[in-house]
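First comes the structure, then the notes that go with it.
Numbering (my numbering), first residue to last: 20 to 194.
Here's what the structure looks like:
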């Protein structure tokens, strides 16, 4: 009976060992699948990070290029503003142009010198407010207001006289 009991015990132990090994193998398979899932997720994250870095680099490069282009256009505009009167197809005498810069670029006193010299009549004299634009730039709101005021005839000449009184100056406005 002891041998039969021993054999039965060995068989029970073998079955238990088999079941434990089977569970361990199942656990190993689950762990392997989870490791594959984690590795796949890590790879996707790395790919997304790489894509994000590439998109960020591209956006920075585009922003840098846009900024440089804007700076170049600004500098071209600034230089162009100053040299416009000297361009061959400019319709006014460059010596008649006075650069202001803001809020408009030029006041052009067309034929004023010629009128003073008696070469043309007063009807030939023009006072022109002009602004130089490049590309798609538009008039500023201030420039639009100035343009409307001129169109409405709201442009005047004022003479200011400084009068000294008690070691101080006073301004006298003559129309």
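Each residue gets a CB set at the ideal place from its N, CA and C atoms; glycine is no exception.
Cα separation between residue i and residue j?
i           : j           : result
residue 157 : residue 151 : 10 Å
residue 22  : residue 32  : 15 Å
residue 170 : residue 147 : 12 Å
residue 39  : residue 24  : 22 Å
residue 137 : residue 166 : 31 Å
residue 67  : residue 87  : 30 Å
residue 149 : residue 118 : 10 Å
residue 35  : residue 28  : 10 Å
residue 80  : residue 97  : 25 Å
residue 69  : residue 77  : 12 Å
residue 61  : residue 43  : 26 Å
residue 143 : residue 155 : 33 Å
residue 64  : residue 73  : 14 Å
residue 45  : residue 26  : 28 Å
residue 75  : residue 93  : 26 Å
residue 47  : residue 71  : 35 Å
residue 141 : residue 102 : 28 Å
residue 41  : residue 52  : 17 Å
residue 174 : residue 135 : 22 Å
residue 82  : residue 172 : 45 Å
residue 84  : residue 111 : 37 Å
Just to confirm, is the Cβ distance from residue i to residue j under 8 Å?
i           : j           : result
residue 188 : residue 182 : yes
residue 116 : residue 104 : yes
residue 59  : residue 99  : no
Once the 5 residues before and after residue i are set aside, which same chain residues still bring their CB inside 8 Å of it?
i           : result
residue 114 : 132
residue 91  : none
residue 168 : 174
Residue i: buried (16+ other C-beta within 10 angstroms of its C-beta) or exposed?
i           : result
residue 55  : exposed
residue 50  : exposed
residue 30  : exposed
residue 127 : buried
Which same chain residues, not among the five before or five after residue i, have their C-beta less than 7 Å away from its C-beta?
i           : result
residue 95  : 153
residue 192 : 177 and 179
residue 57  : none
Can you find the residues in the same chain that come closer than 6 Å, C-beta to C-beta, to residue i, ignoring five residues on each side of it along the sequence?
i           : result
residue 139 : 130 and 133
residue 184 : none
residue 89  : none
query = If we count Cβ pairs, one from each stretch, closer than 8 Å, do we get three or more for the stretch 157-168 versus the stretch 113-132?
reply = yes
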